[in-house]
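Q:
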Amino acid sequence: MSSTAKRGRATGSSEPAVVPAHLGEADAETWRAAAAILAANWTGSHTVPSRTLYPHQWSWDAGFISVGLAHVAPDRAWRDLRSLFTAQWPDGRVPHIVFDPGVTERDYFPGPSFWTGSPTARQRLHTPNDSVSDNGVSGNGATNDSAAGNGVSGNGAGAERATSGIVQPPVHAVGAWEVYRRGPDEAATAQLRWLYPRLVAQQEYLATARDVGGAGLAAIVHPWESGLDNSPSWDEALAAVPVAVEVLRRYARRDNQVVSSAHRPTDDDYARYLNIALSYRDGGYRDSDLAVRHPFLVECPGFNALRGAAELALARIAEVVGADPAPHRERAGVLTRQLVDRLFVPETGMFHARDVRTGRHSRARCVNGLLPLVLPELPAAQVASLVTALESPRFGIWPVPAPSYDRSAVDFDAYRYWRGPVWFNINWLLRAGLRTHGRHGEARTLRSALLDLARRSGHYEYFHPDSGAGIGSPAFSWTAALTLDLLAEQSD
Numbered sequence: 002m003s004s005t006a007k008r009g010r011a012t013g014s015s016e017p018a019v020v021p022a023h024l025g026e027a028d029a030e031t032w033r034a035a036a037a038i039l040a041a042n043w044t045g046s047h048t049v050p051s052r053t054l055y056p057h058q059w060s061w062d063a064g065f066i067s068v069g070l071a072h073v074a075p076d077r078a079w080r081d082l083r084s085l086f087t088a089q090w091p092d093g094r095v096p097h098i099v100f101d102p103g104v105t106e107r108d109y110f111p112g113p114s115f116w117t118g119s120p121t122a123r124q125r126l127h128t129p130n131d132s133v134s135d136n137g138v139s140g141n142g143a144t145n146d147s148a149a150g151n152g153v154s155g156n157g158a159g160a161e162r163a164t165s166g167i168v169q170p171p172v173h174a175v176g177a178w179e180v181y182r183r184g185p186d187e188a189a190t191a192q193l194r195w196l197y198p199r200l201v202a203q204q205e206y207l208a209t210a211r212d213v214g215g216a217g218l219a220a221i222v223h224p225w226e227s228g229l230d231n232s233p234s235w236d237e238a239l240a241a242v243p244v245a246v247e248v249l250r251r252y253a254r255r256d257n258q259v260v261s262s263a264h265r266p267t268d269d270d271y272a273r274y275l276n277i278a279l280s281y282r283d284g285g286y287r288d289s290d291l292a293v294r295h296p297f298l299v300e301c302p303g304f305n306a307l308r309g310a311a312e313l314a315l316a317r318i319a320e321v322v323g324a325d326p327a328p329h330r331e332r333a334g335v336l337t338r339q340l341v342d343r344l345f346v347p348e349t350g351m352f353h354a355r356d357v358r359t360g361r362h363s364r365a366r367c368v369n370g371l372l373p374l375v376l377p378e379l380p381a382a383q384v385a386s387l388v389t390a391l392e393s394p395r396f397g398i399w400p401v402p403a404p405s406y407d408r409s410a411v412d413f414d415a416y417r418y419w420r421g422p423v424w425f426n427i428n429w430l431l432r433a434g435l436r437t438h439g440r441h442g443e444a445r446t447l448r449s450a451l452l453d454l455a456r457r458s459g460h461y462e463y464f465h466p467d468s469g470a471g472i473g474s475p476a477f478s479w480t481a482a483l484t485l486d487l488l489a490e491q492s493d
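So for the sequence shown, our numbering puts the first residue at 2; every next one is plus one.
1. Using only the alpha-carbon positions, how far apart do S478 and D81 sit?
2. Taking just the CA atoms, how far does Q491 sit from G112?
3. Taking the alpha-carbon positions, what's the P394 to P400 distance?
4. For the 8 Å Cβ check, are there 3 or more pairs between the stretch 331-339 and the stretch 347-365?
5. Scan the stretch 177-223 and note each continuous alpha helix (DSSP H) run of 4 residues or more that stays entirely inside, going in chain order.
6. Between Y286 and A489, what straight-line distance do the alpha-carbon atoms span, to the nearest angstrom?
7. Kindly indicate which three-state DSSP category S51 falls into: helix, strand or coil?
8. Quick check on the burial criterion: 16 or more other C-beta atoms within 10 angstroms. Buried or exposed for S468?
9. Give me, in chain order, the residues of the same chain whose beta-carbon lies closer than 6 Å to that of H47; leave out the 5 immediate sequence neighbours on both sides.
10. Counting Cβ pairs closer than 8 Å, one from the stretch 434-441 and one from the stretch 365-375, do we hit at least three?
11. Could you give the distance in angstroms between the alpha-carbon of A415 and the alpha-carbon of T190?
12. What number of angstroms, rounded off, separates the C-alpha of S60 from the C-alpha of D28?
13. With H, G and I counted as helix, E and B as strand and the rest as coil, what does DSSP make of Y281?
14. Would you identify the three-state DSSP class for Q491, choosing helix, strand or coil?
15. How about L298 and A220: are their beta carbons less than 8 Å apart?
16. May I ask which residues mark the beginning and end of the alpha helix (DSSP H) holding T359?
17. Using the Cα positions of G473 and S405, report the straight-line distance between them to the nearest angstrom.
18. Out of curiosity, what's the CA-to-CA distance linking R94 and Q203?
19. Given a cut-off of 8 Å, decide if I98 and S51 are closer than it, judged by their beta-carbon atoms.
20. What did DSSP end up calling D135 once you bin it into helix, strand or coil?
21. Out of curiosity, what's the CA-to-CA distance linking S79 and L196?
22. Taking buried to mean at least 16 other C-beta atoms within 10 Å of its own C-beta, is G471 buried or exposed?
23. Mapping DSSP to helix, strand and coil, what is G303?
24. For N156, which residues of its own chain have a beta-carbon under 6 Å away from its beta-carbon, when the five flanking residues on both sides are left out?
25. Using a Cβ-Cβ cutoff of less than 8 Å, which residues in the same chain neighbour E392 once the five nearest sequence positions on both sides are dropped?
26. Please name the residue in F425, Y461, G439, R440 whose C-alpha comes closest to that of D486.
27. Under a three-way DSSP split, which group does G442 fall into?
28. By the three-class DSSP mapping on this structure, what secondary structure does W424 have?
29. For A476, name the three-state secondary structure that DSSP assigns.
30. What separation, rounded to the nearest whole angstrom, lies between the Cα atoms of A482 and H465?
31. Exposed or buried, what is V293 when buried is set at 16 or more other beta-carbons lying within 10 Å of its beta-carbon?
32. Within its chain, find whatever has a CB closer than 7 Å to the CB of V68; leave out the 5 residues flanking it on each side and keep chain order.
33. Pick from G303, A455, A238: whose alpha carbon is nearest that of F345?
34. In chain order, what residues of the same chain have a beta carbon less than 8 Å from the beta carbon of Y281, not counting five sequence neighbours either side?
35. In three-state terms, what does DSSP make of A27?
What follows is the structure in structure tokens.
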């Protein structure tokens, strides 16, 4: 054992946890608790977000979880990412849920039968593509064109895996790079070689099929794709979607049976979510005519900022695997300019979601409007404006990290999911953005506030924006994973 580490309590494997030597005893205990959560949520092939409410594999969760696993179990980090990307669709999209066949339909809704409800949807959901080899990069890493678009194989053997039909923010390249840089050996390089063309295919799908507005920004086709499910960012666009209460009579919600309904999206919102999902499903998940038939199309600043961050991570990965990094850097720069031109609202000093159908920006000041801070080429004026907003009474980073919505808004709700509570992953990204732009004092403050949450309240799904009390699912994987990442650093 290295002299720079100390032994801790077992974390679900045969080996005891290895705790960084620079941690005091209190933080060492926080480290052990976080590592134990990741071990307990490991299924043998992937990590679930939590055992109470999310029994399958979620897309952007896997990206954040890999960041933490890099510190305690890098082999599991790579297996997590590979498990997700073996379910990638032929057109390059990475589904937001990969379903565990060992979990019954009654344990989670909407499950596989909901997403595969129509014959066309079933065909799209189960069409593996073998155009990318498992052990190399073709040309500059781009995938071969197939009838279904740039694609990736199922799991190398053409096996079918049940998935949802929508996507989530592409944080996986960032996660893969973080795992590699923590242990840059030959085995890790081989993992990057396998992932790189698949990550490229993911980006190409978002850049082409989802550029509904024609200005280079990807449109989300469902609020769930943003990761910020019931954010006020979507309220105006959702208002045009009918509330069909018969949908809720046909499908029983599972979330309200596990978590208080006061903490979850309302029934009206959920009925709209199901209507939007059914529209996309019954159209065979095709993207070619979204503008004329689909009821929800929004350009999200957070989603597109993370596309840019993924391109920058891919530039670093490209250098490792022998591909050209220049196109990735160029695309990140173009995305940054498009975000500023299309989604920045000078009157609020923030970025706002834009309804593709109406051309109008959401008036809500939401935390996704701060996420472009992760982009290093963001102009100084926008950086200063976002930092001012982040530190203002509308948000704030101390003593509790930034909430998901403007604290001064009349409909701010301290308990209801993305309408007020604090989310660990978003603040981890905001801290990364502050560091990117040399705002190290603010980054230290935000790191301290995040770690105080984990020490005081544990590793919950989200937190009360005033008291810091844990809300939602306990023993939540990405909170545990990102706590490990913050603890692993000795300073900013």
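No residue lacks a Cβ here, since even glycine has one placed at the ideal position from N, Cα and C.
A: This is what the structure gives:
1. 12 Å
2. 42 Å
3. 12 Å
4. no
5. 187-209
6. 41 Å
7. strand
8. exposed
9. Q58, D81, S84
10. yes
11. 44 Å
12. 29 Å
13. helix
14. coil
15. yes
16. Taken as a continuous stretch (DSSP letters only), T359 belongs to no alpha helix (DSSP H), as it is neither H nor E.
17. 15 Å
18. 5 Å
19. no
20. At D135, the pLDDT of 47 sits below 50, so the modelled position is not reliable; the number obtained from the coordinates is stated separately. In this structure, D135 counts as coil in the three-state DSSP scheme.
21. Checking the sequence shown, residue 79 turns out to be Trp, not Ser. Their backbone Cα atoms lie some 9 Å apart in a straight line.
22. buried
23. helix
24. Interpretation of N156 is limited by its pLDDT of 33, a score under 50 that renders its predicted location unreliable; the figure taken from the coordinates is listed afterwards. Counting only Cβ-Cβ distances below 6 Å, and skipping sequence neighbours, we find T87.
25. I398, E443
26. F425
27. helix
28. coil
29. coil
30. 20 Å
31. exposed
32. G176, E179, A482, L483, D486
33. G303
34. G166, I167, V222, H223, H295
35. helix
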